[in-house]
Every structure is written in C-alpha cells, then in structure tokens.
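Participant:
There are 2 protein chains.
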Amino acid sequence: MSHGVVPAAAADGARGLLAPVAHGLARLGVSPNVVTVAGLVVTLGGATVLAAERPLAGGLLLLVGTLGDALDGQLARATGSGTRFGAFLDSTLDRVADAALGAAAIWLGHVHGDPVLLLAGIAALVASSLVPYVRAKAESLGLAGAVGTAPREARIALYLIGVLLWAVTGDARAFLVAVIAVAVLGTLTVVERVVHVSRALRSASQHHNEGNR
Amino acid sequence: MSHGVVPAAAADGARGLLAPVAHGLARLGVSPNVVTVAGLVVTLGGATVLAAERPLAGGLLLLVGTLGDALDGQLARATGSGTRFGAFLDSTLDRVADAALGAAAIWLGHVHGDPVLLLAGIAALVASSLVPYVRAKAESLGLAGAVGTAPREARIALYLIGVLLWAVTGDARAFLVAVIAVAVLGTLTVVERVVHVSRALRSASQHHNEGNR
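Protein sequences appear in the order of chains A and B. Its first residue numbered 1, the first sequence is counted upward by one per residue in the working numbering. Its first residue numbered 214, the second sequence is counted upward by one per residue in the working numbering.
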C-alpha cells in the first residue's frame with residue numbers, strides 16, 4: 001500500500017522496530033484484538049492530555065498509540081491469528097482514533113478562543129472520516145479506493161509533527177498549521193478518491209458496452 | 214430499508230409529496246446528480262444559517278435540503294437515469310451534509326460558551342460518520358450493514374425536531390437535547406452494527422467449518 005507523503009523507509013523502519021515487540025506479545029499469547037483496543041485507549045488518553053494543553057505528554061502518548069496501531073496487524077501476521085472481524089474492528093477503531101485527534105483540535109480552538117483552529121479541527125475531523133468512507137464505499141462496489149495524497153499514515157504524521165513542534169518550541173501555531181494541513185490534504189484526498197471512482201466506473205461501463213456489441 | 218424510529222407512514226408520506234416534483238424535474242431533463250448537489254448546497258446553507266443562531270430560517274432550509282436529498286433517488290428511478298456513480302456520489306455527499314449538522318452544533322456550543330453542546334456536537338458528528346462507515350465496511354466484506362436503532366432518517370428527524378422546537382419555543386435547550394439524542398442513539402447504532410458484523414462473520418465461519426468436515 002502507498003503511504004503517500006510518508007517515506008517508505010520511515011514506514012519500514014517503524015515496522016522493523018515493532019517486530020520484536022510483536023514476537024514478544026505472540027509468545028505471551030496476547031490476541032491482536034486486545035492490542036487494537038489497547039492502542040485506541042492510549043490514543044484516546046493522548047488526545048485528552050493534548051486537549052488539556054499538555055502537548056509533550058499528549059504527543060508522546062499519541063506516538064505510542066499510533067505505533068500500537070501498527071502492532072496489531074504485525075501480531076496477527078506473526079501468529080496467523082488474524083480474522084476478518086479483527087480487520088473490521090481495527091478499521092472501525094482507527095476511525096474513532098482519527099476522530100479523537102480532530103476533537104482535541106476543536107476543543108483547543110474552543111478553550112484558546114481561536115475560531116480558526118476550531119474550524120480547522122472540524123474540517124480535519126470531517127475530511128479524516130470521509131477519506132476512509134469513500135474507500136470503503138468504493139470497495140463495496142468492488143473498486144479499489146486506497147488512492148490519493150494523504151492516507152491515514154500521512155495525516156497522523158503531519159498531526160504528530162505539529163504537536164511535537166508545539167511541545168518543543170512552545171508555539172501553538174505549529175499545531176494550527178498541522179491541523180490546517182490535515183484538513184486541506186484530507187479534503188484533496190477525498191476529491192482524488194471520488195474522481196478515481198468516477199473514472200473507474202466510467203471505464204467499467206465502457207468495457208461492459210463494448211462487451212455487449 | 215428500515216427507517217428505525219421514523220414511522221414508515223411518515224417516510225411514505227414524504228415520498229408521496231415528492232413524486233410530482235420528481236416527475237416535473239424529469240420532464241425538465243434535470244439529472245439526479247444535479248439534484249444531489251443542489252440538495253447539499255441548501256443543507257450547507259441551512260447549517261450556516263442555524264450556526265448564525267437563526268433556528269427558524271436554518272431549520273426550514275435544512276428541511277428543504279433533506280427533502281431534496283430524497284428527491285434524487287426518486288428522480289433516478291422515475292427516469293431510469295440512475296448510475297452507480299450517482300448512488301456513490303449521493304452517499305458521499307450525505308456524509309458531508311451530516312457533518313454540517315454536527316458542525317453547526319459544535320459552533321453554537323462554542324459561541325454560546327456551552328461546552329456540553331460543543332461536546333455533544335462532536336459526539337453527534339463522529340457517531341453520524343461511524344454509522345455509515347461501519348455499513349460500507351460491512352458491505353465491502355459482502356455483509357449487510359443497514360441495521361440498528363438510528364439510521365440517517367431517524368438522526369435527521371431528531372435533529373430537525375430539536376431545531377424547530379427551538380425556533381417555536383425560543384428555548385435552545387430543545388436543540389441541546391436533540392443533539393445529545395443523536396449522539397447517544399448514533400453511538401448505540403454503531404455498537405449494534407459492529408455486533409451484527411461480528412455475529413455474521415462468526416456464523417459464516419461456522420458454516421465454512423461445517424462445510425469442510
């Protein structure tokens with residue numbers, strides 16, 4: 001799968017780091033679904049701490065939660081214990097985690113009296129929910145939907161960079177810029193996926209008509 | 214399709230009212246996709262007017278936008294001009310309309326300094342995005358996903374009743390209660406759909422194992 005603006009080397013590096021952890025959990029008999037739920041709990045905790053204006057602690061928790069999110073798939077592959085329900089649950093809880101990131105930005109916009117951050121948070125939340133919706137809808141039509149500039153890894157990486165820059169520099173504008181970037185690139189990705197589905201359906205209907213001649 | 218808490222008679226009545234409009238548009242040669250986009254534009258306008266604390270004008274625009282939303286499907290059936298892309302576009306823009314309803318509640322919570330309405334608006338937005346996501350994901354696995362207490366018609370009816378009660382009584386608490394109801398019943402519906410998918414996959418895997426014996 002393409003990771004968009006996240007370099008493949010970074011994604012491979014994260015997977016390499018997680019491999020021993022996955023094998024350790026496999027030996028302990030931990031099920032992938034437990035790791036999925038634990039990753040969500042850590043991410044929800046991180047979003048809450050971030051919303052309480054503690055970007056360093058919140059950012060580190062979000063980083064751990066995000067790595068945990070990659071761990072369930074690795075564990076499922078390592079142990080051969082992956083199920084279709086496990087993959088479905090993982091996808092669904094990813095949407096809850098994405099929503100928590102948007103909600104933290106909305107809440108910070110509210111308490112800082114910053115309507116731009118609040119509206120950017122709403123836009124980021126909505127775009128982050130539409131990107132996977134359009135993909136799932138495309139797949140329910142038998143089409144590929146995982147295309148576009150900013151898939152989940154890219155959106156989360158941008159968001160985390162903003163949080164950690166805020167933590168390091170003390171300047172919350174780094175976070176605002178990151179949330180705006182997630183909103184803009186997420187919206188672009190929705191448009192890219194809709195255009196992709198439109199083209200795929202038109203091409204399929206042409207093939208169909210040619211076949212009928 | 215089940216309409217949950219919306220009585221079937223009310224849904225049939227709305228369709229009956231729209232039938233002459235659909236036939237008029239069909240004679241004018243208007244395409245269903247144009248009606249889909251126009252319905253979204255009216256709904257976005259209604260959400261914006263509502264967010265500007267004008268519940269009567271906002272509520273009436275939202276009512277027109279929602280009826281317009283039922284019109285595209287009727288027009289497609291009346292003219293036989295429905296396409297798979299039209300259905301996909303309609304579903305995707307429904308998600309944008311749902312998000313606008315949640316966003317209006319969040320914004321009103323912000324400007325009224327009412328954190329309960331703001332958080333209920335976030336929860337309603339997230340639940341309203343998860344309900345159709347879980348369905349699309351279930352359908353991409355070849356399962357039915359359109360189950361549960363509060364499908365879209367029910368959530369929009371609750372929300373509109375809250376807006377119109379606010380307009381008539383002047384008491385914004387009617388709207389707050391409606392948004393909380395959408396958040397709670399929407400979350401319940403997500404859980405119902407996840408449980409439904411879990412059972413359907415377990416039952417499918419049992420049949421599969423029995424077949425292998």
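No residue lacks a Cβ here, since even glycine has one placed at the ideal position from N, Cα and C. What you are looking at is a predicted structure, and each value in this text was computed from that prediction instead of being measured.
Compare the C-alpha of B/Leu332 against each of B/Tyr346, B/Ala316 and B/Ser342 and name the closest.
Facilitator: B/Ala316
Participant: Which residues, taken in chain order from the segment 128-139 of chain A, show a beta carbon closer than 7 Å to some beta carbon of chain B?
Facilitator: Ser129, Leu130, Pro132, Tyr133, Val134, Ala136, Lys137 and Glu139
Participant: Measure from the alpha carbon of A/His186 to the alpha carbon of each residue in A/Leu164, A/Leu44 and A/Arg135, then state which is nearest.
Facilitator: Correcting the residue type first, residue 186 of chain A is Gly in the shown sequence and not His. The candidate whose alpha carbon is nearest that of A/Gly186 is A/Arg135.
Participant: For B/Gly355, count neighbouring C-beta atoms within 10 Å of its own C-beta (all shown protein chains included) and say buried if the count is 16 or more, exposed if not.
Facilitator: exposed
Participant: Please report the straight-line C-alpha distance between A/Pro20 and A/Gly59, rounded to a whole angstrom.
Facilitator: 23 Å
Participant: Measuring CA to CA, which of A/Thr79, A/Val179, A/Ala47 and A/Glu53 is closest to A/Ser128?
Facilitator: For the residues A/Thr79, A/Val179, A/Ala47 and A/Glu53, the minimum Cα distance to A/Ser128 belongs to A/Val179.
Participant: Measuring CB to CB, does A/Leu165 end up less than 8 Å from A/Ala174?
Facilitator: A/Ala174 sits close to A/Leu165, with the two beta carbons spaced by under 8 Å.
Participant: Using a threshold of 8 Å, state whether the C-beta atoms of A/Asp72 and A/Gly46 are closer than that.
Facilitator: no
Participant: Give a yes or no on whether the minimum CB-CB distance between B/Val410 and chain A is below 8 Å.
Facilitator: yes
Participant: Can you grab the Cα-Cα spacing for the pair B/Ala283 / B/Asp307, in whole Å?
Facilitator: For B/Ala283 and B/Asp307, the distance between alpha carbons rounds to 11 Å.
Participant: Just the Cα atoms here: how many angstroms apart are B/Val407 and A/Leu89?
Facilitator: 8 Å
Participant: How about A/Tyr159 and A/Val182: are their beta carbons less than 8 Å apart?
Facilitator: yes
Participant: May I ask you to report which of helix, strand or coil DSSP gives A/Leu141?
Facilitator: coil
Participant: Confirm, please, whether the CB-CB distance from B/His325 to A/His110 is below 8 Å.
Facilitator: no
Participant: Quick one: what does DSSP say B/Gly258 is sitting in, helix, strand or coil?
Facilitator: helix
Participant: Grab me the residues of B/Ala312's own chain with a C-beta within less than 8 Å of its C-beta, minus the 5 sequence neighbours each way, in chain order.
Facilitator: Leu338, Ser341 and Ser342
Participant: What residues from chain A crowd round B/Arg365, counting only those whose CB sits closer than 7 Å?
Facilitator: Within chain A, no residue comes near B/Arg365; the closest Cβ sits about 13 Å away, beyond 7 Å.
Participant: Apart from the five residues just before and just after A/Val42, which ones in its own chain have a Cβ nearer than 7 Å to its Cβ?
Facilitator: Leu61, Val64, Gly65 and Gly68
Participant: Taking the CB atoms as reference points, tell me whether A/Ser140 and B/Phe298 lie closer together than 8 Å.
Facilitator: no
Participant: Determine the DSSP secondary structure at B/Ser294, reduced to helix, strand or coil.
Facilitator: DSSP places B/Ser294 in coil when its eight states are reduced to three.
Participant: For A/Leu108, is the classification buried or exposed, using 16 other Cβ atoms within 10 angstroms of its Cβ as the cut-off for buried?
Facilitator: buried
Participant: Quick check on the burial criterion: 16 or more other C-beta atoms within 10 angstroms. Buried or exposed for B/Pro328?
Facilitator: exposed
Participant: Can you list, in chain order, the residues of its chain whose CB lies under 8 Å from that of B/Gln358, leaving out five sequence neighbours each side?
Facilitator: Checking the sequence shown, residue 358 of chain B turns out to be Gly, not Gln. So the qualifying residues of the chain are Val347, Arg348, Ala349, Lys350, Ala351, Glu352, Arg406, His409 and Val410.
Participant: Would you call A/Leu44 buried or exposed, if buried means 16 or more other Cβ atoms sit within 10 Å of its Cβ?
Facilitator: buried
Participant: Give me, in chain order, the residues of the same chain whose beta-carbon lies closer than 7 Å to that of A/Ala51; leave out the 5 immediate sequence neighbours on both sides.
Facilitator: Ala104, Trp107 and Leu108
Participant: Counting only Cβ-Cβ distances shorter than 9 Å, please list the residues of the segment 83-103 of chain A near chain B, keeping chain order.
Facilitator: Thr83, Arg84, Phe85, Ala87, Phe88, Leu89, Ser91, Thr92, Arg95, Val96, Ala99, Ala100, Gly102 and Ala103
Participant: For a cutoff of 8 Å on Cβ pairs, would you count A/Leu277 as touching chain B?
Facilitator: The question about residue 277 of chain A has no answer, for chain A in this structure spans 1 to 213.
Participant: Residues of chain A with CB under 7 Å from B/His323, in chain order?
Facilitator: The answer, in chain order, is His110 and Leu118.
Participant: At the level of alpha carbons, what is the spacing between A/Arg213 and A/Leu201?
Facilitator: Confidence at A/Arg213 is low in this model, with a pLDDT of 47, below 50, so its placement is unreliable and the value that follows should be read with caution. Taking the straight line from one Cα to the other gives about 19 Å.
Participant: B/Val460 versus chain A: which residues are under 9 Å apart at the beta carbon?
Facilitator: Beyond the ends of chain B as shown, which are 214 and 426, falls residue 460 of chain B; an answer cannot be given.
Participant: Going by alpha carbons, who is nearest to B/Arg240 out of B/Gly383, B/Ser416 and B/Ser294?
Facilitator: B/Ser294
Participant: Can you look up A/Thr149 in the DSSP assignment and give me helix, strand or coil?
Facilitator: coil
Participant: Determine the direct distance from the alpha carbon of A/Val163 to that of B/Ala300, and round the result to whole angstroms.
Facilitator: 39 Å
Participant: Give me, in chain order, the residues of the same chain whose beta-carbon lies closer than 8 Å to that of B/Thr249; leave out the 5 immediate sequence neighbours on both sides.
Facilitator: Asp282, Asp285, Gly299, Leu302, Asp303 and Leu306
Participant: For A/Ile180, return the contacting residues in chain B, with the cut-off set at a CB-CB distance below 7 Å.
Facilitator: Within 7 Å Cβ-Cβ: nothing; A/Ile180 doesn't reach chain B, min ~16 Å.
Participant: Smallest Cα separation from B/Leu288: which of B/Val360, B/His236, B/Asp384 and B/Val262?
Facilitator: Of the listed residues, the one whose Cα sits closest to B/Leu288 is B/His236.
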